[in-house]
Structures are given as C-alpha cells and as structure tokens.
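Accompanying notes for the structure given below.
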Amino acid sequence: MKKSADFYDELCLSVYTTNRYFHQLYAWILQADGLTYLQYMVLLNVERQPNCSLADICQTLGLDNNTLTPVTQKLLQKEWLIKERSTADRRRWILKLTPMAVERFGKLRGQVEKLQTRLIGNSTSEFEHILRQSHALNQRLEEVLQQGELDGKSEN
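Printed below as a string of structure tokens:
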C-alpha cells in the first residue's frame, strides 16, 4: 500500500509543479499589462465566446461566480472588458473586450504563441498525448469530486 500512496503523492506533486511552472511562464508575459493568469483566462474566454456571460465563463473554467466576480470587476475597472445587457434577455449581462483590449490582447496572444513554440517546438504529437492524458485525469478528478466525501468523513 505504501507504493500506491507514494505514487499518488508523486502524481499530485507533479501536477502542482506543472501548474506553478505555467503560472510563472505566463507571468513573464502578463506582468507588463498588470494581469494575472486568471484574468488572462477570463479574457481568453471572452475572446473565444462572443456574447458570453459571467456564468458562461464560470462553467468553462469550472469556477464559482463568487470567485470570478472580483476578477471581472477588476478587468472592467482596468478597461479590458465592457458589460452590456443582452438584447435577447435583458436580465443577462454580456462581457466583451474593449477596443483597446482587442489590440493589447492580440499582442499578448502573439507573445504566448512564441512561448508555446519555445516549449513545444516540433514535439506537437507528444504534447497532444500529454493533453489527452491531462483531460482524462481532469475528468476522473471531477468524477471523484462529484461522488463527494468518503463516507461523509475525512480519514486520518
């Protein structure tokens, strides 16, 4: 059983370390614009999903509304985003990139592409395999989370 626990600990540490490294890489690019990685992910979602709402972004990123509301508020204050009422449903607010943000975000995306080239190089198929494995791991983690706590108690 010790080996299984060691493997699990190594897996968790590896995923944590990978996440930390990605945040550090993106910080190189984002710090000049005063953005965090989470703010960048929100902007990326707004760019990819025209007429998206905060709820859409929450669903895509798997985060709660109370986590992303302050993030989007900050992006509104920094004039990266604008908020408009939906013409289809007046109760719904739509988030869009400002004209300034479209230009600046395009430059950020160019820098990210350079970073991706440095990281991936000619190893696209290798990284596609890693991505598939990452998606499978995330799906399995989500399934376990949906099952809830083990027997309603934490074990010591």
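Each residue of the sequence shown is one higher than the one before, starting from 3 at the first, in this note's numbering. Where a beta carbon is used, it is the ideal one built from N, C-alpha and C, also for glycine. Computed from a predicted structure; not experimentally measured.
Query                                                                                                                                       : Result
If you follow the alpha helix (DSSP H) that residue 86 is part of, which residue opens it and which one closes it?                          : Counting along the chain, residue 86 falls outside any alpha helix (DSSP H), though it belongs to the beta strand (DSSP E) covering 83–87.
According to DSSP, which residues form a beta bridge with residue 63?                                                                       : Note: residue 63 sits in no beta bridge, so no partner.
Count the CB pairs spanning the region 44–62 and the region 86–102 that are closer than 8 Å, and state whether there are at least three.    : yes
Of the residues 71, 43 and 82, which one's Cα is nearest the Cα of residue 63?                                                              : 43
If you reduce the DSSP assignment to three classes, tell me which class residue 76 lands in.                                                : helix
Using a 10 Å radius around the Cβ and a threshold of 16 neighbouring Cβ atoms, would you call residue 122 buried or exposed?                : exposed
Taking the DSSP output, what are the residues bridged to residue 98?                                                                        : 84
Does the contact criterion of 3 or more C-beta pairs under 8 Å hold for the region 125–145 versus the region 81–91?                         : no
Of all the options 115, 91, 66 and 77, which has the alpha carbon lying nearest to the alpha carbon of residue 103?                         : 77
Please tell me whether residue 107 and residue 49 are closer than 8 Å, where the distance is taken between their beta carbons.              : yes
Taking its Cβ as the centre, do 16 or more other Cβ atoms sit within 10 Å of residue 32, making it buried, or is it exposed?                : buried
Run the CB neighbour count on residue 142, radius 10 Å, all protein chains shown included, and call it buried at 16 or more, exposed below. : exposed
Buried or exposed: residue 110, going by 16 or more other Cβ atoms within 10 Å of its Cβ?                                                   : buried
Express the C-alpha separation of residue 41 and residue 67 in angstroms, rounding to a whole number.                                       : 14 Å
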